[in-house]
Every structure is written in structure tokens, then in C-alpha cells.
Amino acid sequence: MQVTMTINGESVTKECEPRTLLVHFIRDNVGLRGTHWGCDTSNCGTCVLWVDGEPVKSCTMFAAMADGREVTTVEGLEKNGQLDPIQQGFIECHGLQCGFCTPGMMMTGRWILDNNPHPSEEEIREGISGQLCRCTGYKNIVSAIQWAADHPAENEVKA
Amino acid sequence: MQTPAPTDYVRATSVDDALAQLQKYGDEARIMAGGHSLIPMMRLRLARPEMLVDINDLDELKHIKIEGNEIVIGAMVRHREVLDSPILFEHYAAFRECEKVIADPVVRNRGTVGGSFCQADPAEDLSALGSALRGTVVIRNAQGSRTVPMREFHYGPYTTQVEDGEILTEIRIPIRPGAGSAYEKVERRIGDWAVASVGTFVVVKNGVVEDCGIGLAAVGAPHYSAPEAEAFLIGKEATEENLAQAAAIAADHCDPASDQRGPADYKKHLAKELTLRALRRSVQSSQGA
Chain W
7 MQVTMTINGE SVTKECEPRT LLVHFIRDNV GLRGTHWGCD TSNCGTCVLW
57 VDGEPVKSCT MFAAMADGRE VTTVEGLEKN GQLDPIQQGF IECHGLQCGF
107 CTPGMMMTGR WILDNNPHPS EEEIREGISG QLCRCTGYKN IVSAIQWAAD
157 HPAENEVKA
Chain H
18 MQTPAPTDYV RATSVDDALA QLQKYGDEAR IMAGGHSLIP MMRLRLARPE
68 MLVDINDLDE LKHIKIEGNE IVIGAMVRHR EVLDSPILFE HYAAFRECEK
118 VIADPVVRNR GTVGGSFCQA DPAEDLSALG SALRGTVVIR NAQGSRTVPM
168 REFHYGPYTT QVEDGEILTE IRIPIRPGAG SAYEKVERRI GDWAVASVGT
218 FVVVKNGVVE DCGIGLAAVG APHYSAPEAE AFLIGKEATE ENLAQAAAIA
268 ADHCDPASDQ RGPADYKKHL AKELTLRALR RSVQSSQGA
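Taken in sequence, the protein lines are chains W and H.
Under my numbering, the first residue of the first sequence carries the number 7, and numbering increases by one thereafter.
Under my numbering, the first residue of the second sequence carries the number 18, and numbering increases by one thereafter.
In C-alpha cells form, the structure reads like this:
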């Protein structure tokens with residue numbers, strides 16, 4: 007079947023099977039490898055991307071279900087050569103070791119801040135509770151999200 | 018890599034359209050709501066539908082509203098919307114407590130109320146709460162709709178009254194003025210299925226339990242319910258002794274299985290202890306207490 011969706015602002019049309027999971031569509035059919043593919047069981051959250059502005063685990067959604075919708079992947083965080091503060095936060099705070107969970111963590115982190123610009127540590131930890139860091143580097147991931155909260159981009163609405 | 022068996026896909030434009038698609042493809046078709054139960058089942062090849070009928074576009078199933086003395090929850094309402102709903106929180110604080118411990122925030126963005134009920138997992142929290150609140154379920158087919166009490170909705174694990182060619186459209190919860198409610202769950206880690214969980218409501222008038230409901234998940238309670246314990250408690254004073262006795266009766270009627278989440282006697286212990294805790298907090302928050 008033919009599936010058309012907007013990915014990071016660009017309309018993309020590709021052939022896929024109805025059983026193709028969104029994570030594989032994005033990685034293999036579209037070729038965006040920033041979204042990682044991990045546990046296959048909705049547990050690890052490394053495949054988190056946004057569909058219509060909300061984080062979803064893309065291993066638990068068919069590409070067909072995203073037809074006509076707006077998808078944002080980790081590649082869409084950077085704007086005009088400027089890293090999103092959430093990306094900068096991961097650099098500043100050493101928010102990654104092996105980097106496997108990072109794309110999902112950043113997508114959820116960005117969403118947490120979009121809905122709650124000044125989250126408490128507890129709110130951040132709850133927000134990323136559906137995601138696993140196999141290096142167990144949660145402390146620095148939380149710090150990275152806090153860093154981004156403290157350094158919003160200039161065009162961000164400050165609440 | 019887990020790959021579902023080949024399937025086909027159609028996106029329904031209305032409930033009538035979804036019903037027409039289900040009729041067309043018969044027992045090979047399955048409704049696809051949030052997909053967070055069905056897709057894992059498909060990946061494990063425990064489910065092999067040949068046609069998926071996607072109902073994510075059906076705005077007519079996305080409401081939380083009050084009709085008469087009932088709260089009506091559309092089948093496509095997502096867990097996150099239940100968690101955030103001021104209407105549900107106002108009448109039953111247990112909805113928020115229950116949703117907070119269902120899966121994780123990202124999964125709650127997709128998973129739906131209708132999907133949870135129809136999956137009928139014995140450890141499913143929202144089904145336990147729905148049973149505690151003695152809600153009803155509206156099922157539609159091409160001929161019309163019928164309303165089924167939640168305590169008759171599930172035949173057993175993973176089987177419900179929703180037949181081929183039918184769709185669950187709504188959950189209806191009676192409003193009980195002055196009711197207090199609570200939800201208690203023990204899980205191994207965030208996002209996991211319950212080792213045991215219990216939802217309760219209590220209406221206290223002049224110190225006496227006028228009405229109550231007890232629902233339990235993951236502990237082998239038939240229809241997620243504990244009617245014997247409710248019958249014991251109704252009409253009695255809301256004392257610690259009576260609540261403890263009701264909790265013991267509820268646990269006595271559970272038949273949990275030993276599995277990787279714990280041995281049966283531990284789960285029975287949890288059924289008793291969590292029922293007591295939930296009843297205690299329900300009594301405390303009941304306006305007549």
C-alpha cells in the first residue's frame with residue numbers, strides 16, 4: 007500500500023506493507039536512522055517519535071496508521087542548523103553513554119518541556135518512566151532535560 | 018525481530034462504516050484502536066487478523082461527558098485523557114489513581130479505554146475499576162446497540178461479549194453523590210502489569226456504608242469483582258473492623274495463579290491488604306463520612 011505522511015515538515019510517500027511497523031518504515035523505507043529500534047515490546051522507548059505532536063512508541067504503531075499524519079523524529083529537533091536546547095542539554099550534561107536510548111529520551115524530554123516548561127525532577131522522572139537507559143545513566147538524562155528547561159531557545163514561549 | 022503476519026488495513030470513517038467493514042470481512046477482521054494490545058499480540062502471532070479496521074479517526078467515540086446520572090466514556094478515549102479528565106476526577110478520584118499506574122506516559126498517549134476493556138487481560142486495571150463502579154458497556158452492531166453490565170461483559174481472560182461484527186462504543190459509569198473512591202496497585206516496576214490491584218468506592222451516610230463496590234485485577238476474582246464482600250459491608254458501620262472483614266472476604270473469593278509475578282498466597286495477601294487500604298481511603302473521602 008502507499009502511505010503518505012509529513013515527516014519533519016516534508017511530505018513523504020512510500021510503499022509499504024500494511025503490517026509494516028512505523029519504526030521500520032521510518033528507518034528502512036524512509037532512511038531516517040535517528041529513531042532507534044530496541045525491544046520490540048513497547049517497553050524500552052528508544053523508538054519514541056511524535057505523531058501529531060505526541061510521543062508514541064513507533065514499534066507499536068503501523069505505518070498505515072500514520073498515513074496523513076504529521077511525524078516528527080529526532081532529526082526534526084534541530085532547526086536551521088541550531089540544535090534544540092534538549093540536544094544541547096544532553097551534550098552539556100553528558101546525558102548519554104552508549105547513546106542507544108538517546109533519541110527517544112530527547113523526544114519525550116522535548117515534549118515534557120513543551121507541556122511543562124519548568125518540571126520538577128520528579129515530573130521529569132515520571133515523564134521518562136516508559137523509557138529505559140541500558141547504561142542506567144538516568145541521573146544525567148534528568149540533568150540534561152533540566153538544563154534544557156533552564157536554557158530555552160529564544161523563539162520558545164516562556165511560561 | 019517480531020513481525021506480524023501479513024494483514025490488510027482499512028481506516029473507518031464512522032462507527033457505521035466500521036461495522037460495515039467488520040461485516041464484510043467477518044471473523045478475520047479486528048478493530049484497531051490504540052493498537053497497544055493488538056499489535057503486541059500480532060507480533061507474537063497470537064493474533065492473526067486478515068483485516069484491520071482502524072477507528073482512530075472516529076471522533077464520535079472520543080467523548081467524556083455526563084448524561085443524566087451517568088458518566089459516559091467513548092471507546093476511543095485514550096488513557097491520558099482519562100488521567101487528565103476533571104469530570105472523572107470530580108466523581109471518582111480512583112480514575113486518576115488507576116490511570117497513573119497503567120503502563121507509562123507514552124503508552125497512555127495511545128492506549129484506549131475500549132481497547133483495554135476488549136483485550137480483557139485479567140490484570141487490566143481499568144476493567145477492575147469499571148467492575149468496582151458497576152458500570153455498563155455499550156456494544157453496537159448493524160442491528161442496533163445493547164447495554165451489558167460490566168460484571169457480565171467478560172466471559173473470562175481475553176474473551177468478552179463483543180462478537181464478530183460488533184464494536185464496543187461506550188463505557189457508562191453511574192454517578193453516586195458523596196462517593197469516595199481509591200485505587201491501589203502493587204507492581205514490580207513502573208509500567209508493569211499488576212501483581213495485584215484493587216479499586217473501590219464507598220458511600221457513607223451517618224457512619225454507615227450505604228453502598229460500596231470492590232474490583233480486583235490479577236488475582237483471579239470472577240468478573241474482577243467481590244460481590245460477597247460488598248454484600249457484607251453494605252448496611253454496616255464504616256469501622257476498621259468491618260472494612261478488614263470485608264477485605265478478608267474479598268481475598269477469600271480470589272483464586273490467583275502463581276507465576277513470575279509472585280506466588281498465589283502472596284497475591285491473596287495483597288488482595289486483602291490492598292482492598293483494606295482502598296476501602297479505608299474511600300471511606301475517608303466519602304462526603305458523608
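Built from N, CA and C at the ideal position, the CB exists for glycine as well.
According to DSSP, simplified to helix, strand and coil, what is residue i?
i	result
residue 152/W	helix
residue 5/H	A query on residue 5/H cannot be resolved here, the shown segment of chain H reaching from 18 to 306 and no further.
residue 184/H	strand
residue 30/H	coil
residue 200/H	strand
residue 178/H	coil
residue 165/W	Summary for residue 165/W: the model assigns pLDDT 42, below 50, so the residue's position carries little reliability, and this model does not support an answer.
residue 56/H	helix
residue 38/H	helix
residue 275/H	coil
residue 32/W	helix
residue 64/W	helix
residue 147/W	helix
residue 158/W	coil
residue 23/H	coil
residue 18/H	coil
residue 72/W	helix
residue 81/W	helix
residue 312/H	Chain H is shown only over 18 to 306; residue 312/H falls outside these bounds and no answer can be derived.
residue 173/H	strand
residue 76/H	helix
Which residues does DSSP list as the beta-bridge partners of residue i?
i	result
residue 18/W	11/W
residue 216/H	200/H, 232/H
residue 4/W	As shown, chain W starts at 7 and ends at 165. That puts residue 4/W outside it, with no answer to give.
residue 71/H	28/H, 49/H
residue 211/H	204/H
Looking at the secondary structure, which residues open and close the beta strand (DSSP E) in which residue i lies?
i	result
residue 231/H	225 to 234
residue 253/H	Where residue 253/H is concerned, there is no enclosing beta strand (DSSP E), given that its DSSP letter is neither H nor E.
residue 46/H	46 to 49
residue 56/W	54 to 57
Alpha helix (DSSP H) containing residue i: first to last residue?
i	result
residue 283/H	281 to 302
residue 244/H	244 to 250
residue 261/H	257 to 269
residue 170/H	167 to 170
Touching or not, the stretch 273 to 293 of chain H and the stretch 211 to 218 of chain H, by the rule of three or more beta carbon pairs under 8 Å?
Here the stretch 273 to 293 of chain H makes contact with the stretch 211 to 218 of chain H; the two share three or more CB pairs at distances below 8 Å.
Please give the ranges of any beta strand (DSSP E) in the stretch 79 to 157 of chain H, keeping only runs that are unbroken, at least 3 residues long and fully inside the region.
Runs found: 81 to 84, 87 to 91.
As an exercise, report each continuous alpha helix (DSSP H) stretch of at least 4 residues that is fully enclosed by the stretch 91 to 136 of chain W, in chain order.
Entirely contained in the stretch 91 to 136 of chain W, the alpha helix (DSSP H) runs reaching 4 residues are, in chain order, 91 to 98, 108 to 121, 127 to 133.
Using 8 Å as the Cβ pair cut-off and three pairs as the minimum, do the stretch 149 to 168 of chain H and the stretch 253 to 262 of chain H touch?
Flag = no, the stretch 149 to 168 of chain H and the stretch 253 to 262 of chain H do not touch.
Taking three-plus beta-carbon pairs below 8 Å as touching, is the stretch 72 to 82 of chain H in contact with the stretch 161 to 175 of chain H?
No, the stretch 72 to 82 of chain H is not in contact with the stretch 161 to 175 of chain H.
Does the stretch 188 to 199 of chain H come within contact of the stretch 98 to 113 of chain H, defined as at least 3 CB pairs closer than 8 Å?
With the cut-off at 8 Å, the stretch 188 to 199 of chain H and the stretch 98 to 113 of chain H touch.
Closer than 8 Å is the cut-off here; do at least three beta carbon pairs connect the stretch 123 to 134 of chain W with the stretch 26 to 45 of chain H?
Short answer: they don't touch.
Closer than 8 Å is the cut-off here; do at least three beta carbon pairs connect the stretch 96 to 115 of chain W with the stretch 129 to 148 of chain W?
Yes, they touch.
Cβ contact (3+ pairs, closer than 8 Å) linking the stretch 126 to 135 of chain H and the stretch 39 to 46 of chain H
No: fewer than three Cβ pairs fall under 8 Å.
If we count Cβ pairs, one from each stretch, closer than 8 Å, do we get three or more for the stretch 131 to 141 of chain W versus the stretch 74 to 90 of chain W?
Cβ pair count under 8 Å is below three, so no.
Determine, using beta-carbon pairs with one atom in the stretch 10 to 19 of chain W and one in the stretch 59 to 67 of chain W, whether at least three such pairs fall under 8 Å.
Because the criterion of three Cβ pairs below 8 Å is not met, the stretch 10 to 19 of chain W and the stretch 59 to 67 of chain W do not touch.
Counting Cβ pairs closer than 8 Å, one from the stretch 37 to 56 of chain W and one from the stretch 106 to 121 of chain W, do we hit at least three?
Taking a cut-off of 8 Å for Cβ pairs, the stretch 37 to 56 of chain W and the stretch 106 to 121 of chain W touch, as three or more such pairs fall below it.
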